[in-house]
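Beneath this line is the structure, given in structure tokens, with notes to follow.
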Amino acid sequence: MCISQRASNSFTVEVVTPCLNPTVWTPEAFEYPDITPCPYALHDVKPVPYRPFRWGEYYVTMGIRTMPWNEWIELDESFSFHQRIRNFRVRKCGETVLRVLPPREEDPIAVAGGAEAAKELLYELVEYLHRRYPLVFRISRLSASSSVPSIGGIPLAWDGQMPIKTIEVVETGAKYDLGVLESMSGVEMGEEALRIVNGLTQDDIAIMIEGSDGMYYFQAGLICVPGFWRMRDKIGLPLAEIHCEVPQFKEKLQLGMNRFFKRLPLDKPVIRNNYSIQIVKLFKVPEATHKPRLDVEEEILSDIDPEELSWSESLNGPEDDFAHGRSYGTGYVPQVDPSTLRLRSERQSLRRLPRTGAIVFGIRTYQFKVAELAQERGVAGRLASAVRSWPDDVAFYKGRRRYRDVLLAYLDECADKDGTGPTESMLPYPY
Numbered sequence: 000m001c002i003s004q005r006a007s008n009s010f011t012v013e014v015v016t017p018c019l020n021p022t023v024w025t026p027e028a029f030e031y032p033d034i035t036p037c038p039y040a041l042h043d044v045k046p047v048p049y050r051p052f053r054w055g056e057y058y059v060t061m062g063i064r065t066m067p068w069n070e071w072i073e074l075d076e077s078f079s080f081h082q083r084i085r086n087f088r089v090r091k092c093g094e095t096v097l098r099v100l101p102p103r104e105e106d107p108i109a110v111a112g113g114a115e116a117a118k119e120l121l122y123e124l125v126e127y128l129h130r131r132y133p134l135v136f137r138i139s140r141l142s143a144s145s146s147v148p149s150i151g152g153i154p155l156a157w158d159g160q161m162p163i164k165t166i167e168v169v170e171t172g173a174k175y176d177l178g179v180l181e182s183m184s185g186v187e188m189g190e191e192a193l194r195i196v197n198g199l200t201q202d203d204i205a206i207m208i209e210g211s212d213g214m215y216y217f218q219a220g221l222i223c224v225p226g227f228w229r230m231r232d233k234i235g236l237p238l239a240e241i242h243c244e245v246p247q248f249k250e251k252l253q254l255g256m257n258r259f260f261k262r263l264p265l266d267k268p269v270i271r272n273n274y275s276i277q278i279v280k281l282f283k284v285p286e287a288t289h290k291p292r293l294d295v296e297e298e299i300l301s302d303i304d305p306e307e308l309s310w311s312e313s314l315n316g317p318e319d320d321f322a323h324g325r326s327y328g329t330g331y332v333p334q335v336d337p338s339t340l341r342l343r344s345e346r347q348s349l350r351r352l353p354r355t356g357a358i359v360f361g362i363r364t365y366q367f368k369v370a371e372l373a374q375e376r377g378v379a380g381r382l383a384s385a386v387r388s389w390p391d392d393v394a395f396y397k398g399r400r401r402y403r404d405v406l407l408a409y410l411d412e413c414a415d416k417d418g419t420g421p422t423e424s425m426l427p428y429p430y
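When we follow numbering that gives the first Met the number 0, the leftmost residue of the sequence shown carries the number 0, and every step to the right adds one.
Here is the structure:
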């Protein structure tokens with residue numbers, strides 16, 4: 000990358016443009032804008048009600064929009080629920096959900112490893128989180144006499160302060176010492192950094208690093224709740240191969256996405272939303288039992304994650320048997336009725352890290368019961384229109400044949416009762 004300075008309204012940043020040696024990145028000291036504190040404890044913060052679908056024709060686009068810095072990481076009342084799932088997945092699934100790749104040096108295409116970027120991400124995250132959610136996180140900083148952690152000579156802190164030493168999550172009681180990273184190196188350090196990240200957020204993380212061919216490669220990941228894909232199938236791949244199964248990606252998205260990644264500046268993070276329909280197993284209230292509660296090591300995923308947030312087994316079959324690509328399971332046929340249908344929406348953030356130049360995907364997954372959101376004014380008709388508008392390749396990719404008849408009949412019934420037409424229910428995207 001080549002770098003030039005440009006002034007913004009409140010701070011000076013370095014603007015990123017392509018250059019002849021795309022693996023060279025000059026670490027930069029980035030001045031962040033002020034972060035507005037959230038005045039609430041998490042139990043008072045409701046999930047953002049994303050409804051990222053529109054009336055009318057379906058268009059295949061990147062769908063990105065500017066991300067306010069206050070919205071980099073979204074936390075809410077479901078934090079502890081998500082943490083239980085995420086911690087279970089990291090503990091049981093190991094490198095299939097948390098992995099950092101070493102540098103790729105002997106191949107024709109050279110790519111830096113993901114460890115330094117994972118470490119930088121952690122330090123960026125703790126600086127942001129304690130500012131944004133002061134009632135949720137408590138920190139301590141290194142003393143002035145301490146050795147200062149840095150990358151490329153740039154201290155791992157904001158606003159000229161000493162770097163954060165420890166961070167405590169009030170919601171869970173977990174406390175993390177970032178100093179442990181200083182006794183580690185390489186993959187071990189990067190993976191420990193992501194383990195700490197996992198305890199601080201509800202987002203999955205994908206770290207993309209530019210290779211000597213100018214393409215961006217998936218070099219480190221914390222992917223606990225993907226639902227419909229597996230990190231083991233994608234880690235180490237360039238963007239084009241990661242998205243090769245996405246309908247119309249090559250024709251309409253690949254060139255623009257590659258160009259976007261090359262040019263993403265430090266001061267212009269973006270967000271986008273997607274959505275799909277998910278079927279979950281019919282919930283049955285368990286019979287009264289006097290059996291003792293399972294301890295942490297004996298817990299099973301179906302007890303921890305009955306909504307299949309982490310893996311959509313009802314649509315895809317067992318995770319370990321999943322073929323690379325969409326398989327939609329074999330054998331088991333899920334029960335489809337309004338009570339088992341969910342709107343699943345990913346809220347994806349993209350930003351560039353200033354010291355390593357890596358691009359970080361944050362992927363926050365939301366689930367909403369269709370039976371509840373269909374009661375909102377104008378939503379049932381809008382969702383029905385969106386699902387009907389999917390081209391055949393998109394409909395296949397989203398598994399529409401599995402739930403189309405039940406979903407559309409229910410949405411049409413709710414829309415008739417609502418009586419709200421397209422013009423009246425044009426709410427601002429993506430709500």
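We put the beta carbon where it would ideally sit given N, CA and C, even for glycine.
With a cut-off of 8 Å on Cβ pairs, the region 349-361 is in contact with the region 107-124, counting three or more such pairs. As for any alpha helix (DSSP H) of minimum length 4 sitting wholly inside the region 83-169, the runs are 114-131, ordered along the chain. Contact check for R98 against E190 passes: the beta carbons are separated by less than 9 Å.
Unbroken alpha helix (DSSP H) runs of no fewer than 4 residues, entirely contained in the region 187-260, are found at 230-233, 238-241, following chain order.
Within the same chain, Cβ atoms closer than 8 Å to the Cβ of Y122 are found at P148, L155, A156, P162, I163, L177, the five residues on either side in sequence being excluded. Straight-line measurement puts the Cα of V378 at about 41 Å from the Cα of A192.
Annotation for Y175: T165, I166, I195, G198 place their beta carbon closer than 7 Å to its own, counting only its chain and skipping 5 residues before and after. A contact between stretches requires three or more CB pairs, one per stretch, nearer than 8 Å, and the region 58-78 meets this requirement with the region 233-252.
Considering only M230, A40, W68, G185, the residue with the shortest C-alpha distance to A205 is M230. By the Cβ neighbour-count rule, V23 is exposed, with fewer than 16 other Cβ atoms within 10 Å of its own.
Leaving aside the five residues that flank T339 on each side, the residues in its chain whose CB is nearer than 6 Å to its CB run, in chain order, I278, V279, L281. For D304, there is no enclosing alpha helix (DSSP H), as DSSP marks it with neither H nor E.
Straight across, the Cα-Cα distance linking T419 with A28 is about 51 Å. Within the model, the alpha-carbon separation for K233 versus V179 is close to 29 Å. One thing to note: S388 has its Cβ within 9 Å of the Cβ of E56. DSSP lists I276, F367 as the bridge partner or partners of L342. P48 and S146 have their C-alpha atoms spaced approximately 44 Å apart. Note that the C-beta distance between G235 and Y216 is below 9 Å.
A distance below 9 Å separates the beta carbons of L382 and A373.
Just so you know, the alpha carbons of Q218 and D106 end up roughly 15 Å apart. CA-to-CA, the gap between A173 and S301 works out to about 24 Å. Secondary structure note for Y175: its beta strand (DSSP E) is the uninterrupted segment 174-176. In the assembly as shown, Q201 is a buried residue. Its beta-carbon has 16 or more other beta-carbons within 10 Å. Assignment of R387 by DSSP, reduced to helix, strand and coil, places it in the helix class. Here D415 is exposed, its C-beta having fewer than 16 other C-beta atoms within 10 Å. Around the beta carbon of R400, a 10 Å sphere encloses fewer than 16 other beta carbons of the protein chains shown; the residue is thus reported as exposed. Look at W54 here: in three-state DSSP terms it is coil, with no helix or strand label. Residue burial annotation: Q334 is exposed, with fewer than 16 other C-beta atoms found within 10 angstroms of its C-beta. Contact check between the region 257-264 and the region 122-132: fewer than three CB pairs, one atom from each, fall below 8 Å, which does not count as touching. For E240, the closest C-alpha among the options P225, D266, M256 is that of M256. Within the DSSP bridge table, the entry for G361 names I204, S348 as partners. L74 and R83 have their C-alpha atoms roughly 15 Å apart. Comparing C-alpha distances from P36 to each of I72, Q366, I208, G398 shows the shortest one belongs to I72. A residue is called buried when at least 16 other Cβ atoms come within 10 angstroms of its Cβ; R376 does not meet this threshold and is exposed.
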